[in-house]
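Letter by letter, the sequence shown follows residues 215 to 377 in the numbering used here. For every residue, glycine included, the Cβ atom is placed at its ideal position computed from N, Cα and C. Bear in mind the structure is a predicted one, so any value in this text is a computation, not a measurement. Inspection log for the structure reproduced underneath, given as structure tokens.
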Amino acid sequence: MGSDFYTAFILPYAGIIIKICRAYTNSQEDFEDYYQEVCLQIWRSRDNFKEKSQWSTWVYKISLNVCLTYLKKKDNKNQYFASDTLPAEAITDSQHFADESVNQLYTAIRQLSETDRALTLLYLEEKSYHEIADIIGSNANNIGVRITRIKQRLNKILNMESD
């Protein structure tokens, strides 16, 4: 992957990639593997981007698909990652692992279903219901109902942890 592509098309969206990878991993090592694989898949699929949506929407879709795919592969113990080094920019951003309240939120998010995790992350990124529906492949009304239910579930999870 060229450094120009990484700097122009991945680095500005590293926050998105980091949040999604973090929601689907339980360790720093897994996080780094998922992050690398997402970056690689964005680079590999760059020619498939048809500009029917925003680049950030494309990054979300690829990130979610990679994480869900590798989560299933990990369950089957057949995991493959293409690189062994994480770019310095991602290591700096991943220092958010030290914030305890953020860690509690991610712990609660990881207790949700795979799809609900994705919806939660997109909602936290302040995406509109229409944007979320486009990324997930649903309709905006359904997204609104699901997010309301997810908020209630997360509230219960977080309240149980604080007791």
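DSSP three-state label for residue i, please.
i           : result
residue 242 : helix
residue 223 : helix
residue 286 : helix
residue 355 : helix
residue 265 : coil
What first and last residue would you give for the alpha helix (DSSP H) that runs through residue i?
i           : result
residue 378 : Shown here, the chain extends from 215 to 377; a query on residue 378 therefore has no answer.
residue 334 : 328-338
residue 385 : As displayed, the chain neither begins before 215 nor continues past 377, which places residue 385 out of reach and without an answer.
residue 260 : Premise fails: residue 260 is in no alpha helix (DSSP H) and is neither H nor E.
According to the neighbour-count rule (16 or more other Cβ atoms, all chains shown, within 10 Å of its Cβ), is residue i buried or exposed?
i           : result
residue 336 : buried
residue 341 : buried
residue 252 : buried
residue 359 : exposed
residue 241 : exposed
residue 247 : buried
residue 233 : buried
residue 236 : buried
residue 239 : buried
residue 221 : exposed
residue 338 : exposed
residue 268 : exposed
residue 332 : buried
Would you say residue i faces chain D, with C-beta separation under 9 Å as the test?
i           : result
residue 261 : Reference to chain D is not applicable here, since this structure consists of a single protein chain.
> When the Cβ atoms of the segment 356-376 are set against those of the segment 276-284, are three or more pairs found closer than 8 Å?
Replying inline: no
>> With three or more beta-carbon pairs closer than 8 Å as the criterion, would you say the segment 218-229 touches the segment 320-337?
In response: no
>> Three or more C-beta pairs under 8 Å: does that hold for the segment 344-358 against the segment 255-275?
In response: yes
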